[in-house]
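Engineer: Pasting a structure here, questions to come.
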Amino acid sequence: FKSKSKLLRVFLAMQFVLAFCTVIIGVLLLVAGSYWKDSPWGYQPDQTLVVRLDNSEQYRFIKTEAERSPHTLRIAGTVNHIGESLSKEIVLIGEEKHEVIRFDVGAGYFEATGLRLAAGRFFDEALPYEDATAVIVNKTFVQERQWDEPLGKQLRAGEQTYRVIGVVDDFKLIGSAATRPVVFFQADAEKFAYLVLRYEAGSGEQAAGFVKSIWQRLYPEIPFSYFHQPSVFDNFYRSYNNVTSAFNYIAGLALIIACLGLFGLSSQNYASYLKEVSIRKVLGASVRDTVLLVNRAFLIILLIAGALATGVCYLGV
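All you need for my numbering is the position in the sequence shown, starting with 1, plus 44.
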């Protein structure tokens, strides 16, 4: 009977370890999600409208029309867009290979998105041939290379050698706000997949409505697909919140099951102590001493389970 009781206590401890682990993970997910959502963007997304293109020819026609709006400040085209799409590239610096995040963007992209220049210059529409072999990097790229003076440094991508002409501040690359080394290359206009429009503060709806009217007039058979930059990570956060909610439900269910097991085992344990408890009460034992006598083993189980769950989660993180 004693060996059976010990086995039940081991199973109970395992239940609480799993329950505590799910609770800890759920709390960590909530904290991380809140931190990611409130983390700085590294640029000003509030005045940026992004239009998804079906082909690069649409960019030229829509840009010409959209520039007539008094609300338009800047328009640029791009192959990849922050928060929507990116690619990876292996670059060579000397003989060392480095994996970086690659963006192929048109001149004016930095101004249209509000990315901040830390050193050097952006791509210039007046220097298309010079900038064809130029790149712009972020601060994380510079820090990982330990460059004191990044401007003028060279790197290779494919068969082409590029020269660093500018450095931008780190920015929110993905929903989790993790920083990565980034290299911007000048894109070929024939490959543009997005039109990025910078508009006057407070005129977002007017700018979107104006571009939509242009699109529907030029391409009535194609749905107009666009978004404002502040909403670019909404799908990520929505999915993340669903995962967090699921973990919280699992944690609650695991705790309920573990508590039911604790209740059943403690009831059985109390029955075995009933005679001793009665004698102690007659002899004047306090309620606190009686409770400790009956529940000491379960308190130890909870403490051990909590310590194990904390250790497992710490090592896992």
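All C-beta atoms in this analysis are idealised placements derived from N, C-alpha and C, irrespective of residue type, glycine included.
Note that this is a predicted model, so its numbers are computed, not measured.
Is it true that the CB of Gly70 sits closer than 9 Å to the CB of Ala295?
Structural biologist: In this structure, Gly70 lies closer than 9 Å to Ala295 by Cβ.
Engineer: Quick one: Cα of Ala151 to Cα of Leu239, how far?
Structural biologist: So the two alpha carbons sit approximately 12 Å from each other.
Engineer: Compare the beta carbon distance of Asp90 and Ala231 with 9 Å and say whether it is the shorter of the two.
Structural biologist: Cβ distance not < 9 Å, so Asp90 and Ala231 don't count as in contact.
Engineer: Between Leu51 and Ile345, how many whole angstroms is the CB-CB distance? I'm expecting something under 8 Å.
Structural biologist: That pair is no contact at about 13 Å.
Engineer: At what residues does the alpha helix (DSSP H) containing Leu130 begin and finish?
Structural biologist: Careful: Leu130 lies outside any alpha helix (DSSP H) and carries neither H nor E.
Engineer: Taking C-alpha atoms, which residue in Thr223, Leu297, Phe268, Phe254 lies nearest to His115?
Structural biologist: The residue with the shortest Cα to Cα distance from His115 is Phe254.
Engineer: With a 10 Å radius around its C-beta and 16 neighbouring C-beta atoms as the bar for buried, classify Arg104 as buried or exposed.
Structural biologist: Exposed, by the Cβ-count rule.
Engineer: I need the DSSP call for Tyr281, collapsed to helix, strand or coil.
Structural biologist: The answer is helix: DSSP assigns Tyr281 an H, G or I state.
Engineer: For Asn182, which of helix, strand or coil comes out of DSSP?
Structural biologist: Reduced to three states, the DSSP call for Asn182 is strand.
Engineer: Spatial neighbours of Trp85 within its chain, please: C-beta separation below 6 Å, excluding the five flanking residues on both sides.
Structural biologist: Only Lys216 meet the Cβ criterion.
Engineer: Could you round the C-beta distance between Glu128 and Val144 to whole angstroms and report it? I think they count as a contact, below 8 Å.
Structural biologist: The Cβ separation is near 18 Å, so there is no contact.
Engineer: For Ala120, collect the residues of the same chain with a Cβ closer than 6 Å to its Cβ; drop the 5 residues on either side in sequence, then sort them by chain order.
Structural biologist: The answer, listed in chain order, is Gly150, Gly152, Tyr153, Ala156, Val240.
Engineer: Count the other CB atoms, across all protein chains shown, that sit within 10 Å of the CB of Val287; report buried if there are 16 or more and exposed otherwise.
Structural biologist: Classification of Val287: exposed, given that the 10 Å Cβ count is below 16.
Engineer: Are there 16 or more other CB atoms within 10 angstroms of the CB of Arg282, so buried, or fewer, so exposed?
Structural biologist: Per the 10 Å Cβ criterion, exposed.
Engineer: Can you tell me whether DSSP reads Val356 as helix, strand or coil?
Structural biologist: Note: Val356 maps to helix in three-state DSSP.
Engineer: Roughly how many angstroms lie between the CA atoms of Ala170 and Thr66, to the nearest whole one?
Structural biologist: Distance between the alpha carbons of Ala170 and Thr66 is about 57 Å.
Engineer: With DSSP run on the structure shown, which of helix, strand or coil describes Ala162?
Structural biologist: Ala162 falls in the strand class under three-state DSSP.
Engineer: My parser needs the beta strand (DSSP E) runs of 3 or more residues fully inside the segment 241-277; what are they?
Structural biologist: Segments of the beta strand (DSSP E) lying fully in the segment 241-277: 270-272.
Engineer: Can you give me the start and stop residues for the beta strand (DSSP E) that Arg207 sits inside?
Structural biologist: Unbroken beta strand (DSSP E) run through Arg207: 204-212.
Engineer: In angstroms, rounded to a whole number, what distance separates the CA positions of Asp148 and Phe229?
Structural biologist: Those two C-alpha atoms are separated by around 5 Å.
Engineer: On a Cα-Cα basis, can you pick out the residue from Leu93, Ala176, Asp175 that is closest to Gln273?
Structural biologist: The shortest C-alpha separation from Gln273 is found at Leu93.
Engineer: Please state whether DSSP places Ala61 in a helix, a strand or coil.
Structural biologist: Going by the sequence as given, residue 61 is Val instead of Ala. Three-state result, Val61: helix.
Engineer: Taking the alpha carbon of Ala163 as the reference point, which residue from Pro172, Arg146, Asn182 has its own alpha carbon closest?
Structural biologist: Considering only alpha carbons, the answer is Asn182.
Engineer: Between which two residues does the alpha helix (DSSP H) containing Arg104 stretch?
Structural biologist: Looking at the DSSP string, the run of the alpha helix (DSSP H) that includes Arg104 is 101-110.
Engineer: Helix, strand or coil for Gln198 per DSSP?
Structural biologist: Of the three classes helix, strand and coil, the one that applies to Gln198 here is strand, per DSSP.
Engineer: Rounded to a whole number of angstroms, what is the C-alpha to C-alpha distance between Tyr263 and Ser257?
Structural biologist: One C-alpha to the other measures close to 10 Å.
Engineer: So, are the CB atoms of Ile180 and Val123 less than 9 Å apart?
Structural biologist: Not closer than 9 Å, so no.
Engineer: If you reduce the DSSP assignment to three classes, tell me which class Asp175 lands in.
Structural biologist: It is helical.
Engineer: Starting from the Cα of Arg207, find the closest Cα among Val61, Ala63, Thr354, Thr177 and give me that residue.
Structural biologist: That would be Thr177, whose Cα lies nearest to the Cα of Arg207.
Engineer: In whole angstroms, what separates the C-alpha of Ala353 from that of Leu62?
Structural biologist: So the alpha carbons of these two residues sit roughly 7 Å apart.
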